Amino acid sequence: MQINKLVKECAAELNIDICRVTDNQKLETEFEILKERSQGQFWPQPFANQNLEELTTPVLHFPNLKSIIAAAVSYNHNEANLFLSNYVTVEDYHSYLENKLEKLASRLQQKLNYSFNYKIFVDQAPFLEKALAQKAGLGFIGKNTLLINPKLGSNLFLGEIFTDLEIAVDQPLDLDCGSCRLCLESCQVQALKEANLLAAEDCTAYLTQKKGILTESEIKKIGHHIWGCDDCKDVCPYNKKSKASAAKKLQFFNKNLEYFLNLESKEVPAELDNTAVTWRGSRILLRNAMLAAANLKEKRFFNKIKQKLNDNSPIIRYYAAYSLLKIDFKKAKKIVKEYLNQEQNSEYKNKIKKILVSEEDNNGS
Ligand code: SF4
Ligand code: SF4
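Residue numbers (this note's numbering): 472 to 836.
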C-alpha cells in the first residue's frame with residue numbers, strides 16, 4: 472500500500488481528525504513576507520522565534536528530513552466560557568497530541584515492518600507550524616491568522632512528525648476567506664490590523680499572558696478575559712458550521728471567575744495540572760481574575776479581593792488594591808489607604824498612591 476494512504480489510515484484509527492503529508496522544502500513565500508514584516512511596526516511577535524531562517528526552514532530542525540506528517544485534532548465543544556479561551560477548557564493538548572503522534576509513528580513502523588527516524592513537534596519548535604499545515608492541505612490560513620479546516624473550523628491542535636521516510640505529498644487546499652471580514656470587524660481592541668496581520672501587543676490573548684505591571688489601556692483590553700480570547704474565532708462562519716471532534720476523550724474543565732479569584736498566588740491547584748491554562752503559573756490567573764472583576768465592576772467579589780491585600784506577593788497586593796479602587800472607589804478608598812500604610816514595596820506603593828489620586832479626581836472627592 473502507498474505510504475501516504477497508510478499514514479491516513481493509521482491516523483484515523485488513532486482518532487486523529489486530519490493528517491496529511493508535505494515535503495521538506497523551505498517556506499519561501501512566508502520567508503519573504505516575514506522579512507518585510509520584520510522591518511515594520513508589528514514586529515517582533517511575543518513568545519515567538521525571531522530567526523527567519525529557523526522559522527521557515529524545516530530541515531534545520533531535523534537534519535535528514537524527507538517528509539513532514541502534519542496532524543490536527545479538533546477540540547470543538549459546545550460549552551462556552553466567558554472567561555477562558557476554548558483551548559484551555561480541555562486537557563492540555565501538548566501531551567495528548569504528542570502521545571497520539573508517538574503511537575502513529577510506532578504503528579507505521581510496525582505496518583511497514585521497518586524502522587525510520589523521526590521527531591515529534593507539538594507547539595514547541597520555532598518553525599511556522601500553521602504554514603506547514605496549510606502546505607500539507609490541513610486547511611487554509613484565515614484573515615484571523617488561524618488555520619481553518621473547511622469541515623472542522625479552527626479549533627484545532629496542531630502537531631507534526633518530521634521523518635527521514637520518503638512519503639508522497641498532499642496538495643494545499645484551494646480555499647480562502649473570500650470577501651468575508653467578520654473576524655477583523657469583531658476584534659474589540661483592533662488587534663487585527665489587516666488580513667493575516669496581528670498586532671500581538673494589542674491582542675487580548677497576549678495581554679492575558681503578559682507579566683508585570685500593565686498599563687491602564689492594556690487592562691481595559693483584557694476586559695473579562697482570564698485566559699485567551701476567542702472573539703475573532705467564534706464569529707468565523709467555518710466554526711459556526713464545524714463538525715464535532717473525533718477525539719471525544721478530551722477531558723473538559725469549566726471554571727468561572729469565582730474559582731480563579733480563590734486561587735492562591737503561589738500554588739497551581741492539582742486539578743488544573745493537566746490544562747494549558749497554567750502555562751504562566753497561578754499568579755497571572757489570579758491577577759487576570761481580579762482585573763476581570765474590576766473591568767466588570769463585580770461588587771459581589773469585593774471582599775474576596777480585599778483578602779488579597781494580605782497576599783505574600785507584592786504584585787498580587789498591587790492588583791488587589793487597583794481592582795478594589797475600580798470596583799467601588801468609595802468603599803475601597805479607606806481600605807486602600809490602610810493597606811498603603813503597611814505596604815513595604817515602594818515601587819507598587821507609589822503606583823497605587825498615584826492611582827488613588829487619579830481616582831479621587833475622577834470621582835470628585
Ligand atoms: S484574539 Fe481577541 S483580541 Fe486578539 S485578535 Fe482575536 S479578537 Fe482581537
Ligand atoms: S471570519 Fe471570515 S475572514 Fe475571518 S477567518 Fe473566518 S472566514 Fe476568514
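All C-beta atoms, glycine included, are put in the ideal place defined by N, C-alpha and C.
Nothing here was measured: the structure is a model prediction, and the numbers come from that model.
Quiz item: Cβ-heavy atom distance between Asp-488 and ligand 1 below 7 Å?
Solution: By 1-based counting over the sequence shown, the position of residue 488 is 17. No, Cβ of Asp-488 sits at least 7 Å from all heavy atoms of ligand 1.
Quiz item: Mind checking whether Ala-607 and Thr-493 have CB atoms under 8 Å apart?
Solution: For this step, residue 607 is matched to residue 136 along the sequence shown. For this step, residue 493 is matched to residue 22 along the sequence shown. Contact: yes.
Practice problem: Measure the Cβ-Cβ separation of Ala-541 and Glu-631 and say whether it is below 8 Å. | Solution: Against the sequence shown, residue 541 aligns to sequence position 70. Against the sequence shown, residue 631 aligns to sequence position 160. Yes, Cβ-Cβ distance for Ala-541 and Glu-631 is below 8 Å.
Practice problem: With hydrogens ignored, establish whether the beta-carbon of Val-660 is closer than 7 Å to any heavy atom of ligand 1. | Solution: Your numbering for residue 660 matches position 189 in the sequence shown. Ligand 1 approaches Val-660 closely enough that one of its heavy atoms is under 7 Å from the residue's Cβ.
Quiz item: Where do the ends of the beta strand (DSSP E) carrying Glu-562 lie?
Solution: As a first step, residue 562 is located in the sequence shown; it is residue number 91 there, counting from the start. Neither: Glu-562 is in no beta strand (DSSP E) and is coded neither H nor E.
Practice problem: Might you give, ordered along the chain, the residues of its own chain that have their beta carbon closer than 7 Å to the beta carbon of His-532, omitting 5 neighbours on each side? | Solution: Start at 1 with the first residue of the sequence shown, and residue 532 comes out as number 61. Same-chain partners within the cutoff: Ala-596, Phe-598 and Phe-633.
Exercise. Could you tell me which residues DSSP pairs with Val-478 in its beta bridges?
Key: As a working note, residue 478 is residue 7 in the sequence shown. In the DSSP output, where bridge partners are listed per residue, Val-478 has none listed.
Exercise. Mind checking who Trp-750 pairs with in its DSSP beta bridge?
Key: Your numbering for residue 750 matches position 279 in the sequence shown. According to DSSP, which records beta bridges pairwise, Trp-750 is partnered with nothing at all.
Exercise. Let me have the residue list for ligand 2: C-beta closer than 5 Å to any non-hydrogen atom, ordered along the chain.
Key: Gly-613, Lys-614, Asn-615, Cys-648, Cys-651, Leu-653, Cys-654 and Cys-707
Quiz item: Going along the chain, which residues of its own chain have a beta-carbon closer than 8 Å to the beta-carbon of Ala-639, five neighbours each way excluded?
Solution: Along the sequence shown, read from residue 1 onward, the residue named residue 639 stands at position 168. Gln-473, Ile-474, Asn-475 and Val-492, listed in sequence order.
Quiz prompt | Endpoints, beta strand (DSSP E) assigned at Cys-490 | solution = Position 19 of the sequence shown, counting from 1, holds the residue named residue 490. Run containing Cys-490: 489–494, per the beta strand (DSSP E) assignment.
Quiz item: Beta carbon of Thr-749: closer than 7 Å to some heavy atom of ligand 1?
Solution: Taking the sequence shown and counting its residues from 1, the one referred to as residue 749 is at position 278. Incorrect: Thr-749 has no Cβ contact closer than 7 Å to ligand 1.
Quiz item: Mind pulling the alpha helix (DSSP H) runs of 4 or more residues that sit fully within the segment 732–812?
Solution: 753–766, 773–778 and 785–798
Quiz item: Should Arg-758 go down as buried or exposed, given a rule of 16 or more other Cβ atoms within 10 Å for buried?
Solution: Along the sequence shown, read from residue 1 onward, the residue named residue 758 stands at position 287. Buried.
Quiz item: Beta carbon of Ser-657: closer than 7 Å to some heavy atom of ligand 1?
Solution: Here the question's residue 657 lines up with position 186 in the sequence shown. Flag set: Cβ of Ser-657 near ligand 1.
Quiz prompt | Minimum C-alpha distance to Cys-703 - residue among Leu-669, Lys-479 and Phe-724 | solution = Looking up residue 703 in the sequence shown gives position 232. Selected option, being the one with the closest Cα: Leu-669.
Quiz item: At what residues does the beta strand (DSSP E) containing Val-544 begin and finish?
Solution: If you number the sequence shown from 1, residue 544 lands on position 73. Here the beta strand (DSSP E) through Val-544 covers 538–545.
Quiz item: Which residues share a DSSP beta bridge with Leu-555?
Solution: As a first step, residue 555 must be located in the sequence shown, where it is residue number 84. According to DSSP, which records beta bridges pairwise, Leu-555 is partnered with Trp-698.
Quiz item: Which residue from Lys-711, Glu-501, Leu-572 and Arg-578 puts its Cα closest to that of Ile-591?
Solution: For the purposes of this step, residue 591 is identified with residue 120 of the sequence shown, where counting begins at 1. When each option's Cα is compared against that of Ile-591, the closest is Leu-572.
Quiz item: Rounded to whole angstroms, how far is the Cβ of Cys-654 from the Cβ of Asn-615, which I believe are closer than 8 Å?
Solution: Here residue 654 refers to the residue found at position 183 of the sequence shown. Here residue 615 refers to the residue found at position 144 of the sequence shown. With 8 Å as the limit, Cys-654 and Asn-615 qualify as a contact, their Cβ atoms being about 4 Å apart.
Quiz item: Looking only at C-alpha atoms, which of Ala-604, Ile-684, Lys-824 and Leu-617 sits nearest to Asn-710?
Solution: Looking up residue 710 in the sequence shown gives position 239. Out of Ala-604, Ile-684, Lys-824 and Leu-617, Leu-617 has the C-alpha closest to the C-alpha of Asn-710.
Quiz item: So, are the CB atoms of Leu-767 and His-695 less than 8 Å apart?
Solution: Locating residue 767 in the sequence shown gives position 296, where the first residue counts as 1. Locating residue 695 in the sequence shown gives position 224, where the first residue counts as 1. For Leu-767 and His-695, yes; Cβs fall inside 8 Å.
Quiz item: For Phe-731 versus Ala-765, is the C-beta distance shorter than 8 Å?
Solution: Your numbering for residue 731 matches position 260 in the sequence shown. Your numbering for residue 765 matches position 294 in the sequence shown. Contact: no.
Quiz item: Are the beta-carbon atoms of Cys-552 and Asn-745 separated by less than 8 Å?
Solution: Residue mapping note: residue 552 aligns to position 81 of the sequence shown, counting from 1. Residue mapping note: residue 745 aligns to position 274 of the sequence shown, counting from 1. First, the amino acid is wrong: residue 552 is Asn here, not Cys. Against a cut-off of 8 Å, the Cβ pair of Asn-745 and Asn-552 comes out as no contact.
Self-check item: Limits of the unbroken alpha helix (DSSP H) element including Leu-678
Solution: Numbered from its first residue, the sequence shown carries residue 678 at position 207. Unbroken alpha helix (DSSP H) run through Leu-678: 675–678.
Practice problem: Quick one: residues in its chain with C-beta nearer than 6 Å to the C-beta of Phe-554, no 5 flanking neighbours on either side, listed in chain order? | Solution: Locating residue 554 in the sequence shown gives position 83, counting from the first residue. Result list for Phe-554: Ile-697 and Leu-728, in chain order.
Quiz item: Could you give the residue range of the beta strand (DSSP E) that holds Glu-503?
Solution: On the sequence shown, residue 503 is found 32 positions in, with the first residue counted as 1. Annotation: Glu-503 is outside any beta strand (DSSP E); the continuous alpha helix (DSSP H) that includes it extends over 499–508.
Exercise. Only counting runs of 3 or more residues, tell me where the beta strand (DSSP E) segments fall wholly within the segment 609–637, in order along the chain.
Key: 627–634
Quiz item: If you count every other CB in all the chains shown that lies within 10 Å of the CB of Thr-675, and 16 or more means buried, which is it?
Solution: Position 204 of the sequence shown, counted from the start, is the residue given in the question as residue 675. With 16 or more Cβ atoms within 10 Å of its Cβ, Thr-675 is classed as buried.
Self-check item: Per-residue DSSP class, three states only, for Leu-728
Solution: Within the sequence shown, numbered from 1, the residue matching residue 728 stands at position 257. Here Leu-728 sits in helix by DSSP.
Quiz item: Sorry if obvious, but does the Cβ on Leu-663 come closer than 7 Å to a heavy atom of ligand 1?
Solution: As a working note, residue 663 is residue 192 in the sequence shown. At least one heavy atom of ligand 1 is nearer than 7 Å to the Cβ of Leu-663, so yes.
Quiz item: Is it buried or exposed for Arg-788, if we count other Cβ within 10 angstroms and need 16 for buried?
Solution: The residue labelled residue 788 in the question sits at position 317 within the sequence shown. So Arg-788 ends up on the buried side.
Quiz item: Got a sec? Which residues, its chain only, sit under 7 Å from Leu-797 by beta carbon, not counting five neighbours each side?
Solution: Taking the sequence shown and counting its residues from 1, the one referred to as residue 797 is at position 326. Residue 797 is actually Lys in this sequence, not Leu. Here the set comprises Ala-765.
Quiz item: Between which two residues does the alpha helix (DSSP H) carrying Ile-684 extend?
Solution: Residue 684 sits at position 213 when you count from the first residue of the sequence shown. Where Ile-684 is concerned, there is no enclosing alpha helix (DSSP H), given that its DSSP letter is neither H nor E.
Practice problem: Pull up the CB-CB distance for Ile-684 and Lys-822, whole angstroms please, since I reckon it's below 8 Å. | Solution: Within the sequence shown, residue 684 is the residue found at index 213, counting from 1. Within the sequence shown, residue 822 is the residue found at index 351, counting from 1. Confirmed, about 7 Å.
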